[in-house]
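Encoded as structure tokens, the structure appears first; notes follow it.
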């Protein structure tokens, strides 16, 4: 095992997915009604647990993680700080906004640095172990919500498909952590599997955006619908191609969707788009597109 690869890849994974998980918990909490106060409390507990995890990750990451990851827009974007402030105001759900300030100040590793990071290995292993235990519980929580919703025992403002969507993302995070703990790196990931997974995520993002826009936003709805159809076709091709990848097409469509999401995030922040999309949700899906673009560019 190369200690440096294990440490760097673990921290980069947490910087992206740890924030995604804490925001999933926030979106779940924001979607519950007063009838599900116990579920709201659990969602708040998960949000706080992932914020704490992320605080420790940020403390370990400065000068270590790749500058490409920090520059990609998958950790934070130009919209994140204001999106958090607005979302906190709209929902009265507390957000540790100092965490975003610290992430914006993170520096990437110097290209000529070849230092031994093994002294951090124990701390990173403990973080990974804690994240795995947290993810096991979070996945069970999300699955219990989905079961209640599908059995018409709970009403939430979140689509059942969105709950399935965030379960898949949590399971991918867990899968990658298991790979890191077993192999010390993520080199055995298949590009075809990556494309199939993220093309589905991008398709569903377009569907969610379409469904959360105000009916008066006909032009934006049409654009989201077109994007959903494009990714549905990419997903069909990806699923039927055994060993082939569609990287060029996936990249082209994802950049197009990323630009649409960025314009949407800006429009929602500036109160120029009618929707029921929280500003932080708009930023959240933008970061996921940025993450996928970095993977596609390799």
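In the working numbering, the protein residues as written are 5 to 302. The beta carbon of each residue, even a glycine, is placed where N, CA and C say it ideally should be.
(message) Could you compute how far the alpha carbon of residue 13 sits from the alpha carbon of residue 190?
(response) C-alpha separation (whole angstroms): 8 Å.
(request) Look at the alpha carbon of residue 226 and the alpha carbon of residue 289, and state the distance between them as a whole number of angstroms. (result) Between the C-alpha atoms of residue 226 and residue 289 there is a straight-line separation of about 18 Å.
(message) Do residue 265 and residue 222 count as a contact pair if the criterion is CB distance below 7 Å?
(response) Going by C-beta atoms, residue 222 is not nearer than 7 Å to residue 265.
(request) Determine the contact status of residue 110 and residue 76, defining contact as a CB-CB distance below 7 Å. (result) Cβ distance not < 7 Å, so residue 110 and residue 76 don't count as in contact.
(request) Tell me whether residue 157 is buried or exposed, calling it buried when 16 or more other Cβ atoms sit within 10 Å of its Cβ. (result) By the 10 Å Cβ count, residue 157 comes out exposed.
(message) I need the boundaries of the alpha helix (DSSP H) containing residue 228, first residue and last residue.
(response) Element bounds for residue 228: 222 to 244.
(message) Within 10 Å of its beta-carbon, does residue 41 have 16 or more other beta-carbons around it, so buried, or fewer, so exposed?
(response) Residue 41 is exposed by the Cβ-count criterion.
(message) Just verifying my parser: in three-state terms, what is the DSSP assignment at residue 264?
(response) In the structure shown, residue 264 sits in a helix (DSSP, three-state: H, G or I).
(request) Check whether the Cβ atoms of residue 121 and residue 206 sit closer than 7 Å, and answer yes or no. (result) It is not a contact, given that the beta carbons lie outside the stated cut-off.
(request) Report the partner residues of residue 217 according to the DSSP bridge assignment. (result) Per the DSSP secondary-structure output, residue 217 pairs in a beta bridge with 279.
(message) Count Cβ pairs between the stretch 130 to 138 and the stretch 181 to 197 that sit closer than 8 Å; are there 3 or more?
(response) Output reads yes: the stretch 181 to 197 touches the stretch 130 to 138.
(message) Quick check on residue 123: buried or exposed, where buried means 16 or more other Cβ atoms within 10 Å of its Cβ?
(response) Exposed is the call here.
(request) Please confirm whether residue 97 and residue 33 have their CB atoms less than 7 Å apart. (result) Using a Cβ distance threshold of 7 Å, residue 97 and residue 33 count as a contacting pair.
(message) Here's the rule: buried if 16 or more other CB atoms are within 10 angstroms of the residue's CB, otherwise exposed. What is residue 269?
(response) Classification for residue 269: buried.
(request) Return the bridge partner residues of residue 160 from the DSSP annotation. (result) Partner(s): 36.
(request) In the DSSP assignment, find the unbroken alpha helix (DSSP H) run with residue 106 in it and report its ends. (result) Start and end: 101 to 108.
(message) Using CA atoms only, rank isn't needed, just tell me which of 216, 238, 236 is closest to residue 282.
(response) That would be 216, whose Cα lies nearest to the Cα of residue 282.
(message) Assuming residue 44 is part of the alpha helix (DSSP H), what are its boundary residues?
(response) Taken as a continuous stretch (DSSP letters only), the alpha helix (DSSP H) holding residue 44 covers 41 to 65.
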